[in-house]
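Student: Before I ask anything, here is the structure I am working with.
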Amino acid sequence: MNTRHFSQLPKPYLAYPKVIQGLIFKKPKGEQVLPQVEYVVDSFKVDQKHLKAYNEVCGFKNNGYISAIYLAVLSQSLQMHMMTTETFPFAILGLVHIRNQIKQNRKVGTNEALTLSCKFGDVQPHDKGVQFDFMTTAKVGNDVVMEGVTTYLARQKTSVKATPKLVDNKTPAYELNAEWNVSENTGRRYALTSGDFNLIHIHAITAKAFGFKQAIAHGMWSKAKALASLTLPDAYEADVWFKLPMYLPSKVEFLTAQEGQDTEFVIRNSKNKKPHVTGSVKAL
């Protein structure tokens, strides 16, 4: 395992020229092996102005603490540079974010010095191609305060058959928690704080170039909006699956089912009731 150290978080936009090059120069077909490398930002403190802007877009309170999902978003800068700097076997613009898991072991204060690291997980078969993980860790000193797993799907021809879905007889007793009118500019506002300027999120014109009828909301914005709407324990795990695209603008319902300190939730379209995101928060 090779380790590359950074004195500060690399800027996400610096990786985009190489992403665009991928549209012009196709990657040669070869063995789909991920680099054995870890990127580490040795010590940094969050930018208070940036954190406040992120909280405003997602709905978090400015209460002196850093949400675990914010640290996961910061790690996406490392992910972008890992995919564009290392020998990465997949086309970046074709990747689909299908799942995201975060684990907060304790609250993190906004003035605490952090170490943030990210590395690749294994490539796994999927019925629509292959999937792989990014593994993120945030520490304060030697204390692991946050862990994250980001799962991407690389679509391609495969002989793997879809696994039959198991019937769950314990469907959560969801109740309507809130209804949100998600504005057309949500993708652009979130991009300015997350650094994720994927063209499918920015405008209907650019989204249509990739086969979408309108721009779609970032999955990580949807997850953050859900978490910001809940009363979270000091230590918890939050796991979400990204389902159908949330077109912008959109009217959606946020439903929750509570069992003790644990919460199941779903974000679904207000008209057709189809899910955009399903997830759970479990207290530790």
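Residue numbers (full-length UniProt numbering): 1 to 284. We put the beta carbon where it would ideally sit given N, CA and C, even for glycine.
#1: In chain order, what residues of the same chain have a beta carbon less than 6 Å from the beta carbon of P275, not counting five sequence neighbours either side?
#2: Going by DSSP, what residues sit across from A138 in a beta bridge?
#3: Taking only the alpha-carbon atoms, compute the straight-line gap between L78 and A257 and give it to the nearest angstrom.
#4: For the alpha helix (DSSP H) that V57 lies in, which residues bound it at each end?
#5: For G59, which residues of its own chain have a beta-carbon under 8 Å away from its beta-carbon, when the five flanking residues on both sides are left out?
#6: So, with DSSP's three-state summary, where would you put G121?
#7: What residue does the alpha helix (DSSP H) around Q76 start on, and which one ends it?
#8: For D42, which residues of its own chain have a beta-carbon under 8 Å away from its beta-carbon, when the five flanking residues on both sides are left out?
#9: Three Cβ pairs or more, each shorter than 8 Å: is that satisfied between the segment 140-157 and the segment 180-194?
#10: Short check: CB of C118 to CB of E184, under 8 Å?
#11: Taking all protein chains shown into account, decide if residue 292 is buried (16 or more other Cβ within 10 angstroms of its Cβ) or exposed.
#12: Alpha carbon to alpha carbon, what distance is there between G64 and I205?
#13: Within this structure, are the beta carbons of L102 and A154 separated by less than 8 Å?
#14: Would a C-beta distance cut-off of 8 Å place V130 and V140 closer than the cut-off?
#15: Using the C-alpha atoms, what's the distance from K213 back to K18?
#16: If contacts are defined as beta-carbon pairs under 8 Å, then R99 and V240 qualify, I think. What distance do you get, rounded to the angstrom?
#17: Does DSSP put T263 in a helix, a strand or coil?
#18: Among the residues of its own chain, which have a CB less than 6 Å from the CB of L71, if the five just before and after it don't count?
#19: Assuming K282 is part of the beta strand (DSSP E), what are its boundary residues?
#20: Can you tell me the Cα-Cα spacing of L199 and E86, whole angstroms?
#21: Using alpha carbons as the reference points, say which of Y247, A235, L95, S250 lies closest to D262.
#22: Let me know the secondary structure DSSP gives A235 once reduced to three states.
#23: Compare the Cα-Cα distances from K157 to each of K128, A173, Y174 and report the closest residue.
#24: How would you write the range of the beta strand (DSSP E) that I98 sits in, first residue to last?
#25: Can you tell me the Cβ-Cβ gap for M83 and I92, rounded? I've got them flagged as a contact below 8 Å.
#26: Could you have a look at S250 and say whether DSSP puts it in helix, strand or coil?
Tutor: So, from the listed chains and residues:
#1: K243, V266, R268
#2: L116, M146
#3: 35 Å
#4: 48-58
#5: A224, K225, A228, S229
#6: strand
#7: 68-85
#8: H5, F6, S7, T115
#9: no
#10: no
#11: Outside the displayed range of the chain (1 to 284) lies residue 292, so it cannot be described from this structure.
#12: 39 Å
#13: The question names Leu, yet the displayed sequence has Ile at residue 102. In this structure, A154 does not lie closer than 8 Å to I102 by Cβ.
#14: no
#15: 26 Å
#16: 7 Å
#17: strand
#18: A138, M146
#19: 275-283
#20: 23 Å
#21: A235
#22: coil
#23: K128
#24: 95-104
#25: 5 Å
#26: strand
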